[in-house]
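Numbering (mature numbering (1 follows the signal peptide of the UniProt record, and there is no 0)), first residue to last: -22 to -1, 1 to 144. Here is the structure we will look at.
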């Protein structure tokens, strides 16, 4: 039991190291064959507002992007096309200078279709960007929705078991 508690403490500390200012959850749905849709939920867990972010896609794995968001809630969405000469991947950029995502806030429903060369889409990297200076404020990886739920379920189970043994 002590080793499970130690592992959970380590994972919690690793997740909290540095100031994490955002989490982006991705929910993938296979449309047909190699065509996928990703729906993103953005959580601002930091103290600053988020006005711009970009989700990046590996050059060799993703192609043929199409924005499918029904209601972008005042956010401008843009596909940054991949660059074949430098093999730079595509990007999905979200911008809202007039009504940014405030600290503690969340947005969901951003969606995008694409072709994926593998069996199921992998994590994508993302950047939170200052729209005035283009400085990268934070970098992270998208989290598949079930993984986050599983982590919290495991932590809750461990805490319950610990409570029963005390």
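By construction, the Cβ of each residue, glycine as well, lies at the ideal position given by its N, Cα and C atoms.
{"Asked": "Three-state class that DSSP yields for residue 108 in the structure shown", "Found": "coil"}
{"Asked": "Option nearest residue 53 by Cα separation, candidates 98, 25, 88, 11", "Found": "88"}
{"Asked": "Residues of its chain near residue 75, where Cβ-Cβ distance is below 7 Å and the 5 sequence neighbours each way are ignored", "Found": "29, 109"}
{"Asked": "Residue 24 Cβ short of 7 Å to the ligand FMN heavy atom set", "Found": "Among the components modelled here there is no ligand, and therefore nothing to report on the ligand FMN."}
{"Asked": "Nearest neighbour of residue 97, chosen from -1, 12, 4 [CA to CA]", "Found": "12"}
{"Asked": "Residues bridged to residue 88 [DSSP beta-bridge criterion]", "Found": "18"}
{"Asked": "Presumed contact (8 Å Cβ cut-off) between residue 23 and residue 4, rounded CB distance", "Found": "Contact doesn't hold; Cβ gap of about 17 Å is too wide."}
{"Asked": "Whole-angstrom C-beta distance between residue 70 and residue 33, which should lie under 8 Å", "Found": "5 Å"}
{"Asked": "Rounded separation between residue 103 and residue 18 - CA only", "Found": "13 Å"}
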